[in-house]
Amino acid sequence: MISENTVNIHEKDICRMLDEFFQPGRYTDLAPNGLLLSNAQVIDKVYTATFSSEEVLGKLRRQGAHDCLLFTHHPGAQHPESEPPVYFSDRDKHYMKENRISHYSMHLPLDQLGPYAPGIALAGEMELTPYSSFFEEGGAMMGVICTGPFQTVQQVLDKTELVVEHKCRLYQYGEENLQDGKIALVAGGCEGADIYEKLRKAGVRLFVTGVGTKEADWFAPSHEAARQQGVSILAAGHYSTEKFALKSVCRFFEERGLKAEFIEETPLLMDL
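Just so we're aligned, residue 0 is where the sequence shown starts under numbering that gives the first Met the number 0, counting upward by one.
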């Protein structure tokens with residue numbers, strides 16, 4: 000809910016608040032973090048989006064957005080995992096400058112387990128209770144091991160498809176029944192074949208994540224490792240598993256007096 004008592008905040012002040020809260024300097028991140036485009040002196044509203052894409056800017060255009068901040072998780076657009084990301088074009092940047100739209104992006108610092116983390120947000124949507132963490136990337140702890148009201152892999156698949164509102168892909172490498180309702184979860188993507196032995200030892204038989212395709216060279220080795228350990232992989236899409244974090248981070252801005260709105264995108268499901 001947007002607060003009725005909204006205020007305008009100088010760009011440098013909202014960036015300072017974000018930097019102090021998320022502390023980007025703590026992480027080793029290949030993606031750029033922080034203020035990427037400085038176009039607005041005073042921020043009237045914040046728009047949040049998972050990726051930085053033409054689709055997002057198209058929605059800003061239709062709303063007549065100006066004097067605002069675009070807060071994203073990724074500095075580029077959705078793309079096939081075998082291809083490099085595409086960033087805002089010169090034309091896009093000109094539009095943003097003309098309309099005083101600044102761009103701030105936060106990658107690993109947002110992934111770090113916390114109140115607005117993708118893993119925590121997705122677990123909440125799926126009615127899961129995190130009780131342990133795993134999988135670190137660049138200093139950010141991203142994975143959660145959860146319990147929930149599910150007894151079988153099929154039940155989790157049904158719930159996941161209900162939450163993300165599209166078909167998902169199950170790679171069934173393990174048992175159908177869950178042990179103590181345990182599920183491991185990393186929103187977005189998870190590189191590293193070593194996690195599956197650890198998950199097996201922890202009693203986890205199902206790993207829910209975003210990217211599952213064997214076409215992604217960084218994820219392909221995970222399939223054989225998961226098969227050997229009897230851990231099934233449920234792929235629900237990079238965008239679809241992360242978007243709930245960008246919905247929840249609206250609260251960060253609203254609690255500081257700013258209007259905030261999440262921008263929905265069309266999921267690219269080539270990554271399942």
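We treat Cβ as the ideally placed atom computed from N, Cα and C, and that holds for glycine. Just so we're clear, the structure is a prediction, and the values are computed from it rather than from any experiment.
Quick one, which of the options has its alpha-carbon nearest residue i's?
i    : options                : result
D66  : N38, F134, G123        : N38
R199 : A186, G191, Q178       : Q178
L69  : S88, T151, D89, M105   : M105
D43  : H93, L268, E253        : E253
V203 : F243, F149, H78        : F149
L245 : H165, H73, C14         : H73
K158 : I182, Y172, G173, Q22  : I182
Y172 : F218, L56, Y195, V41   : Y195
S81  : A235, S239, W217, L268 : W217
N7   : A234, R25, L56, V41    : V41
M269 : C249, C167, S221       : C167
A234 : C249, P266, S247, K258 : P266
A192 : L184, T212, A219       : A219
Report the partner residues of residue i according to the DSSP bridge assignment.
i    : result
T208 : V185, A234
N38  : According to DSSP, which records beta bridges pairwise, N38 is partnered with nothing at all.
C67  : K44, I100
F251 : For F251, which the question treats as bridged, DSSP gives no partner whatsoever.
E133 : According to the sequence shown, residue 133 is Phe rather than Glu. In DSSP, F133 forms a bridge with G142.
Alpha carbon to alpha carbon, how far is residue j from residue i? Give it in angstroms, no decimals.
i    : j    : result
H237 : V210 : 5 Å
I119 : A186 : 9 Å
L35  : G256 : 23 Å
I1   : R61  : The predicted position of I1 is uncertain, since its pLDDT is 45 and thus under 50; a value taken from the coordinates is nonetheless stated next. Using only the alpha carbons, I get a separation of about 21 Å.
D12  : M141 : 28 Å
T208 : V143 : 11 Å
K272 : A64  : The structure shown has nothing for residue 272, since the chain only spans 0 to 271.
Q283 : D28  : With the chain covering 0 to 271 only, the question about residue 283 has no answer from this structure.
E214 : E19  : 38 Å
F243 : Q154 : 21 Å
Just checking my contact of residue i with residue j at CB under 8 Å: how many whole Å lie between their CB atoms?
i    : j    : result
L271 : S231 : Contact doesn't hold; Cβ gap of about 14 Å is too wide.
A76  : S51  : 6 Å
D83  : E241 : The amino acid occupying residue 83 in the given sequence is Pro; Asp does not appear at that position. 19 Å between Cβ atoms; not a contact.
T151 : E175 : 5 Å
F251 : Y115 : 6 Å
Note to self: Three Cβ pairs or more, each shorter than 8 Å: is that satisfied between the segment 244-263 and the segment 45-61?
What the structure shows: Contact between the segment 244-263 and the segment 45-61 is present, with at least three C-beta pairs closer than 8 Å.
Notebook entry, point to check: Three or more beta-carbon pairs under 8 Å between the segment 134-146 and the segment 103-118, yes or no?
Noted result: Verdict: yes, contact present.
Check: Per the contact definition of three or more C-beta pairs closer than 8 Å, is the segment 188-199 in contact with the segment 120-128?
Finding: No: fewer than three Cβ pairs fall under 8 Å.
Note to self: If contact is defined by three or more beta carbon pairs under 8 Å, each pair taking one atom from either stretch, is the segment 95-104 in contact with the segment 69-84?
What the structure shows: Yes, the segment 69-84 is in contact with the segment 95-104.
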